[in-house]
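Since the structure comes first, as structure tokens, the remarks are kept for the end.
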Amino acid sequence: MHCRNYVLSYLLLALVALISTPPWVSAVPSRGHGRALLPPFQLPHPVLKRPVGDKDDEDRGWCRRFYDIVIQRLAGKKRECKAKDEISGSQIRQQSNFGSLSNLRARYDEDIVLRFNISSIDEAEALAEATAVLFLDIWESNNEWVDIRLSKDVVRVNHFPYHDYLFTKFQVSPLLGLLPPSLQRSHTPLIYDLTQAISQSYPSPSNKDQSSQASHGSPAFTHDLRAPSGIAENPFFSNYQPLSVIVPWMKLLAALFPSHVTIFSIGLSFEGRDIPAFRLGVHPTNPELPQAPRKTVIISGGSHAREWISVSTVNYMAYSFITSYGKSEVVTKLLEEFDWVFIPTVNVDGYVYTWESDRLWRKNKQDTTLSFCRGIDLDRSWGFQWDGSSRGNPCSESFPGEFAFQAVESRRLAEWAKNETDNNNAKFVGFLDFHSYSQQILYPYSYSCSNLPPSLENLEELAMGLAKAIRISSGELYGITSACEGTVSMRNGKRVVHPRMETGGGSALDWFYHEVGVRYAYQIKLRDTGSYGFLLPKENIIPTGEEALHAITYFGKFLEGGPPFTDESLVTEMGEPTKDESKRVQTEQTALEPETREGISHVEAGDLVDGDDDADVLTWELRRRRR
31 MHCRNYVLSY
41 LLLALVALIS
51 TPPWVSAVPS
61 RGHGRALLPP
71 FQLPHPVLKR
81 PVGDKDDEDR
91 GWCRRFYDIV
101 IQRLAGKKRE
111 CKAKDEISGS
121 QIRQQSNFGS
131 LSNLRARYDE
141 DIVLRFNISS
151 IDEAEALAEA
161 TAVLFLDIWE
171 SNNEWVDIRL
181 SKDVVRVNHF
191 PYHDYLFTKF
201 QVSPLLGLLP
211 PSLQRSHTPL
221 IYDLTQAISQ
231 SYPSPSNKDQ
241 SSQASHGSPA
251 FTHDLRAPSG
261 IAENPFFSNY
271 QPLSVIVPWM
281 KLLAALFPSH
291 VTIFSIGLSF
301 EGRDIPAFRL
311 GVHPTNPELP
321 QAPRKTVIIS
331 GGSHAREWIS
341 VSTVNYMAYS
351 FITSYGKSEV
361 VTKLLEEFDW
371 VFIPTVNVDG
381 YVYTWESDRL
391 WRKNKQDTTL
401 SFCRGIDLDR
411 SWGFQWDGSS
421 RGNPCSESFP
431 GEFAFQAVES
441 RRLAEWAKNE
451 TDNNNAKFVG
461 FLDFHSYSQQ
471 ILYPYSYSCS
481 NLPPSLENLE
491 ELAMGLAKAI
501 RISSGELYGI
511 TSACEGTVSM
521 RNGKRVVHPR
531 METGGGSALD
541 WFYHEVGVRY
551 AYQIKLRDTG
561 SYGFLLPKEN
571 IIPTGEEALH
581 AITYFGKFLE
591 GGPPFTDESL
601 VTEMGEPTKD
611 ESKRVQTEQT
621 ALEPETREGI
631 SHVEAGDLVD
641 GDDDADVLTW
651 ELRRRRR
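Mapping of the sequence shown onto my numbering: position 470 corresponds to residue 500, and the numbering continues sequentially without gaps.
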């Protein structure tokens, strides 16, 4: 009986979606120009595999898939089905080969992350060569350091007692033997227990109060989607979420806000999954009036599968824009002026794999010439200045493929972008590609430091504003540099900048800037600066999302031509929904079980207040430099 109720709830939700929204599409709606819609969006692959059981298990597949996949993630509450059909959260994680601490130990035991301090080009070249020889995983690098994950066949960990203390000694002789003496003494460990850090990055069950509230049928959120106890307890953003939760969440938002939200597919991944995206915007209602090309901003995340914070941040920004329309004057104007395309994860196959098998997987899941080395680095497979120097090494974490656009997901995004400009009257004016980590704002070009972008001053100008908007909102410092810049050294008394270790040609950043003509294109590397790396604790999801939200609000105001550093343009005030909207949202949500509703609560945009005395001076200087 209980399972039947869950099935009915799911069917009601599906009915709401069908009634409230037009069919899901794979491109922007026709906007009155008579263009046909592309094939409907489909959901072919759940993230968590349900166990194989008897016929009775198969008959209850709807209950199992809907409740186990969605509710376990959002509410952490067990299903109230028959005893033999009950599966705890830990058992589900065991089935997916990622949650068990013993399984994680088997894969990551004794793995550590070391930071090497680089001071010369010779050191950088030696370290790059050594990592290539040993197939090591470069996590991140900047002009001062390089973080490298070393697996157990490279690292030997010895524990030895001294009085009442237990000391740990890391021996990395296979690597150090390939390095100059200066580098052999310039490394420090960042993450001692990689297994524990990975385990803590996965979602944890809701606290007892939340579970108790849900079990008694209390409303999990109010009519305006605000969490009753505040944003800090928003269940959806209190944990990282798998794709099986993200996609239904996106569908629900599109159903609740059809006036300015559509969900569509960029295309199919290598393994056949749709690459889901939001399109936010309000368009003219009179098709007879001539329409100028629709200015469009792309905001993407998850090109590298293990960078979970980029996925949650894109979701956070999209959700804030969606729920602020009509209540925030700033957001409302931005959605009327631009189309905003939010792509939470471009690398859907790799992202699913990080939940099922390998939390630190980076590439996509495409076949290569070596069956035991799968995957292509999506951010090195684009067609502009594609670098095939490492194309013979599919085991490399930065493998760019055998030819440009061999990576299916990169090709799909490029095809979609070209189709938008050629056939759908779109003009891309902004591209923000979110990654982690190191807290940097990078502008073109990534393939070379020798060639400067034509609009360098404009790029630097806006990047300074983005960094300041973040600093005002949270106090966090984001560096600004070209995407090509790596190690900095002194030669003959002059500062010499050398290329980054882990990047090269074929980046999405360069392709959108040069090939599509996006005037303002950036890669933004989110928190942190190395303490946790890709395993940023879930407590950072909301603060990081807030920083990025402030940044894209500034970005939109800059493109709009308004004064970005004034109280009127930066402060985002959240208004109350209208009576009709409140009634509509309340009616839609009654079809959902309380546990499901708990996962969708309001994310307030917050206030953007510039209290710095130098604001006017900076604004004047930036305008003076603008071309």
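Positions of the beta carbon are idealized from the N, C-alpha and C atoms, including for glycine.
In this text the structure is predicted, and so the values were computed from the model without any measurement.
- Between K568 and H465, the C-beta spacing is not below 8 Å.
- Restricting attention to S342, L390, F458, I329, the CA atom closest to the CA of R549 is found in F458.
- Judged by their CB atoms, I296 and L496 are not nearer to each other than the 8 Å cut-off.
- At least 8 Å separates the beta-carbon of K395 from that of R389.
- Between L283 and I352, the gap from beta carbon to beta carbon is short of 8 Å.
- Straight-line spacing of the CA atoms in S299 and G332 works out to 13 Å.
- In this structure W370 is in contact with I329, their Cβ atoms being roughly 7 Å apart against a cut-off of 8 Å.
- By the Cβ rule, the region 466-474 counts as touching the region 537-551, because three or more pairs are nearer than 8 Å.
- Taking all protein chains shown into account, F294 has 16 or more neighbouring C-beta atoms within 10 Å of its C-beta and is therefore buried.
- Scanning its chain for C-beta atoms nearer than 7 Å, with the 5 sequence neighbours on each side dropped, one finds around D379 the residues S299, F300, E301, R303, N394, K395, in chain order.
- Secondary structure in the region 270-300: the alpha helix (DSSP H) runs of 4 residues or longer, each lying completely within the stretch, are 273-286 in chain order.
- In the assembly as shown, L482 is an exposed residue. Its beta-carbon has fewer than 16 other beta-carbons within 10 Å.
- DSSP lists T326 as the bridge partner or partners of D369.
- Taking a cut-off of 8 Å on C-beta distances, the region 362-376 touches the region 313-327, as three or more cross pairs fall below it.
- Its Cα nearest to that of F433, the residue T399 stands out among N453, T399, L462, N449.
- Straight through space, the alpha carbons of Y222 and E545 are spaced by roughly 43 Å.
- DSSP places G332 outside both helix and strand once states are collapsed to three, so it counts as coil.
- Under the three-state reduction of DSSP output, Q470 falls in the strand class.
- Taking 4 residues as the shortest admissible run, the region 414-501 contains the following complete alpha helix (DSSP H) segments, listed from N- to C-terminal end: 438-453.
- According to DSSP, V176 shares a beta bridge with F146, S171.
- Using a Cβ distance threshold of 8 Å, T225 and Y138 count as a contacting pair.
- Following the DSSP letters along the chain, one finds G311 in no alpha helix (DSSP H), marked with neither H nor E.
- Inter-residue distance for R336 and G535 is about 21 Å (C-alpha atoms, whole angstroms).
- It is roughly 15 Å from the alpha-carbon of S342 to the alpha-carbon of L462.
- Annotated three-state conformation of Q553 is strand, per DSSP.
- For L131, the uninterrupted alpha helix (DSSP H) run begins and ends at 131-138, by DSSP.
- With contacts defined as CB atoms closer than 8 Å, Y477 and E170 fail to qualify as a contacting pair.
- For the pair L286 and H217, the CB atoms are not nearer than the 8 Å cut-off.
- For the pair L408 and N454, the CB atoms are not nearer than the 8 Å cut-off.
- In the same chain as I571, and ignoring 5 residues on each side of it, the C-beta atoms closer than 6 Å to its own belong to F267, S342, in chain order.
- Between P204 and I142, the gap from beta carbon to beta carbon reaches 8 Å or more.
- Of the residues assessed, F402 falls on the exposed side of the cut-off, its CB having fewer than 16 other CB atoms within 10 angstroms.
- Cβ-Cβ distances below 6 Å link A156 to L209, P210 in the same chain, with the five nearest sequence neighbours on each side left out; the list follows chain order.
- Put simply, the backbone Cα of L166 is about 10 Å away from that of E159.
- In the DSSP assignment, S212 falls within the unbroken alpha helix (DSSP H) covering 211-214.
- Counted as a single uninterrupted DSSP element, the alpha helix (DSSP H) harbouring I582 occupies residues 571-590.
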